[in-house]
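Going by the working numbering, the letters in the sequence shown line up with residues 1299 to 1674, in that order. Where a beta carbon is used, it is the ideal one built from N, C-alpha and C, also for glycine. Quick caveat, the model's predicted, so the values are computed rather than measured. Step one of this worksheet: look at the structure below.
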Amino acid sequence: MFGVYIHFPYCRKRCPYCDFAVHARARIPHDQYAAAVRRELVERAPLYDGRALTSIYFGGGTPGLWRADCVADVIAAVRATFPPALDEVEITVEANPDDLPRAQLDGLRAGGVTRLSLGLQSLSPKHLHTLGRTHGRAEAERAVADARAAGFDRLSLDLMFGMPSQTLTDLEDDLAGVLAMEPDHVSVYNLTVEERTAFGGLQRAGMLVVPDSGVCAEMYERIDARLTTAGFGHYEISSWARPGRRAVHNTLYWTGGEYLGLGCSAHSFRRLPEGGGERFSVARSVDEWLRAPAVATRETLDAAALEREAVWLGLRFLDGIDRAAHRRLHGVDPVEQHAAEIERLRNEGLVEVSLDRLRLTPRGVLFADEVGARFV
Ligand code: SF4
1299 MFGVYIHFPY
1309 CRKRCPYCDF
1319 AVHARARIPH
1329 DQYAAAVRRE
1339 LVERAPLYDG
1349 RALTSIYFGG
1359 GTPGLWRADC
1369 VADVIAAVRA
1379 TFPPALDEVE
1389 ITVEANPDDL
1399 PRAQLDGLRA
1409 GGVTRLSLGL
1419 QSLSPKHLHT
1429 LGRTHGRAEA
1439 ERAVADARAA
1449 GFDRLSLDLM
1459 FGMPSQTLTD
1469 LEDDLAGVLA
1479 MEPDHVSVYN
1489 LTVEERTAFG
1499 GLQRAGMLVV
1509 PDSGVCAEMY
1519 ERIDARLTTA
1529 GFGHYEISSW
1539 ARPGRRAVHN
1549 TLYWTGGEYL
1559 GLGCSAHSFR
1569 RLPEGGGERF
1579 SVARSVDEWL
1589 RAPAVATRET
1599 LDAAALEREA
1609 VWLGLRFLDG
1619 IDRAAHRRLH
1629 GVDPVEQHAA
1639 EIERLRNEGL
1649 VEVSLDRLRL
1659 TPRGVLFADE
1669 VGARFV
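What follows is the structure, encoded as structure tokens:
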């Protein structure tokens, strides 16, 4: 699998919990940014010679704000550079519900976008206000209805839990509202308070209290129960999908696929012909990147490091790791290769091993980050 990620760093305003490479600007240089992305594509494409494209993903920031003709130009340039691997290449754009007038949706669809990922986070006025979000439930419902009318049948909705003062009843209300919008994919994230954000400052000052880990675990189990009862399959720690609607691009990250990142702060990964792989990234600041889109960090991974990474990423999948496929790709059986660690994790009730798979137990899913860290 091979995908192209395009980072669009602009947002209308910075949300107080956000730690991404984001620039809140009154005026977005739409054309300048698109031209710079296309130049970077030309420069880096030879590194991925011969790859066939499975997905394109516009993340951010708020790529839904990017003028639709610029998005279409970038899609056309990527498609002209890499042949498709499948009949339909998945092309996703992240967007906020209040940044999507109908004309923008029509433009994105006409430009080749096949899937929208809408950042709802919540439908409750109280929590949306706390998160500094500028949309309400009505805007979310309108955006979903307009997206369908514009021809988007692939719709992912993002929800957040563990927000300040959130109760289980609030969570149930959000889940009911999201399910009523009939998405085919739902991603759910636990709010993490990063130190260098406005929320981080409030927390240090004792002015922001989030639910403790026990409550968050209960919320997570409630989310899983509600979504699976509604017919969604829980396929990755934070992701639930209707049958056949798993996110192709995100799956690529978790299965060790290659990706080319374009735009400021984007990361790329490729396998090296001599074995192992290489990861590189460019400047986080958009102004710096526009001046010089040079590689800022570069890391070479040997075959053993790639294999360890495949274990911790693969365990994010609820299906677990296919031992035979892992052996074919990395030359070792993951259970034999990490026998001591796997045995400890089994004794702690965090992973289970069968003849063909290694996977997290339901309890292990709650501690997925801690389990993954044992292999890094
Ligand atoms: S809209 Fe998303 S990317 Fe932009 S500041 Fe808010 S959380 Fe960050």
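Per-residue burial, residue i [other beta carbons within 10 Å of its own, 16 or more giving buried]
| i | result |
| --- | --- |
| residue 1305 | buried |
| residue 1653 | exposed |
| residue 1502 | exposed |
| residue 1548 | buried |
| residue 1388 | buried |
| residue 1624 | buried |
| residue 1355 | buried |
| residue 1626 | exposed |
| residue 1487 | exposed |
| residue 1467 | exposed |
| residue 1608 | buried |
| residue 1589 | exposed |
| residue 1349 | buried |
| residue 1241 | The structure shown has nothing for residue 1241, since the chain only spans 1299 to 1674. |
| residue 1526 | exposed |
Three-state secondary structure (DSSP) of residue i
| i | result |
| --- | --- |
| residue 1309 | strand |
| residue 1450 | coil |
| residue 1441 | helix |
| residue 1542 | coil |
| residue 1706 | Limits of the chain in this structure are 1299 at one end and 1674 at the other, which puts residue 1706 out of reach. |
| residue 1416 | strand |
| residue 1659 | coil |
| residue 1557 | strand |
| residue 1458 | strand |
| residue 1492 | coil |
| residue 1551 | helix |
| residue 1476 | helix |
| residue 1254 | What the structure shows of the chain is the stretch from 1299 to 1674, and residue 1254 is not part of that stretch, so it cannot be assessed. |
| residue 1321 | strand |
| residue 1467 | helix |
| residue 1673 | coil |
| residue 1521 | helix |
| residue 1428 | helix |
| residue 1481 | coil |
| residue 1304 | strand |
Own chain residues within Cβ distance below 7 Å of residue i, not counting five before or after
| i | result |
| --- | --- |
| residue 1338 | 1560, 1591 |
| residue 1648 | 1658, 1659, 1661, 1662, 1665, 1669 |
| residue 1727 | Since the first residue shown for the chain is 1299 and the last is 1674, residue 1727 is missing from the structure and cannot be characterised. |
| residue 1622 | 1654 |
| residue 1394 | 1360, 1362, 1417, 1433 |
| residue 1475 | 1421, 1435 |
Any C-beta of chain B under 7 Å from that of residue i
| i | result |
| --- | --- |
| residue 1647 | This model lacks chain B altogether, as it is built from one protein chain only. |
Beta-carbon proximity of residue i to residue j, cut-off 7 Å
| i | j | result |
| --- | --- | --- |
| residue 1595 | residue 1576 | no |
| residue 1414 | residue 1458 | no |
| residue 1345 | residue 1569 | no |
| residue 1407 | residue 1358 | no |
| residue 1435 | residue 1453 | no |
| residue 1303 | residue 1326 | no |
| residue 1445 | residue 1403 | yes |
| residue 1517 | residue 1469 | yes |
| residue 1643 | residue 1619 | no |
| residue 1520 | residue 1482 | no |
| residue 1398 | residue 1441 | yes |
| residue 1605 | residue 1628 | yes |
| residue 1368 | residue 1321 | no |
| residue 1460 | residue 1423 | no |
Own chain, CB closer than 8 Å to residue i, minus 5 neighbours either side, in chain order
| i | result |
| --- | --- |
| residue 1552 | 1534, 1611, 1612, 1614, 1615 |
| residue 1351 | 1300, 1301, 1302, 1376, 1377, 1380, 1381, 1382, 1383, 1387 |
| residue 1330 | 1588 |
Closer than 6 Å: residue i CB and nearest the ligand ADP heavy atom
| i | result |
| --- | --- |
| residue 1359 | This structure does not include the ligand ADP; its bound ligands are the ligand SF4. |
Chain-order list of residues whose beta-carbon lies under 6 Å from that of residue i (same chain, five-residue window excluded)
| i | result |
| --- | --- |
| residue 1314 | 1430, 1496, 1497 |
| residue 1563 | 1305, 1319, 1582 |
| residue 1651 | 1633 |
| residue 1437 | 1395, 1396 |
| residue 1601 | 1573, 1574 |
| residue 1748 | As displayed, the chain neither begins before 1299 nor continues past 1674, which places residue 1748 out of reach and without an answer. |
| residue 1405 | 1366 |
| residue 1426 | 1420 |
| residue 1411 | 1389, 1391 |
| residue 1400 | 1444 |
| residue 1371 | 1332 |
- prompt: If you scan the stretch 1346-1376 from start to end, which runs of the beta strand (DSSP E) of 3 or more residues do you find wholly inside it?
  reply: 1353-1358
- request: Tell me the start and end of each unbroken alpha helix (DSSP H) in the stretch 1558-1626 that is at least 4 residues and wholly inside, in chain order.
  value: 1584-1589, 1601-1612
field: Whole beta strand (DSSP E) elements within the stretch 1381-1414, 3-residue minimum
entry: 1388-1393
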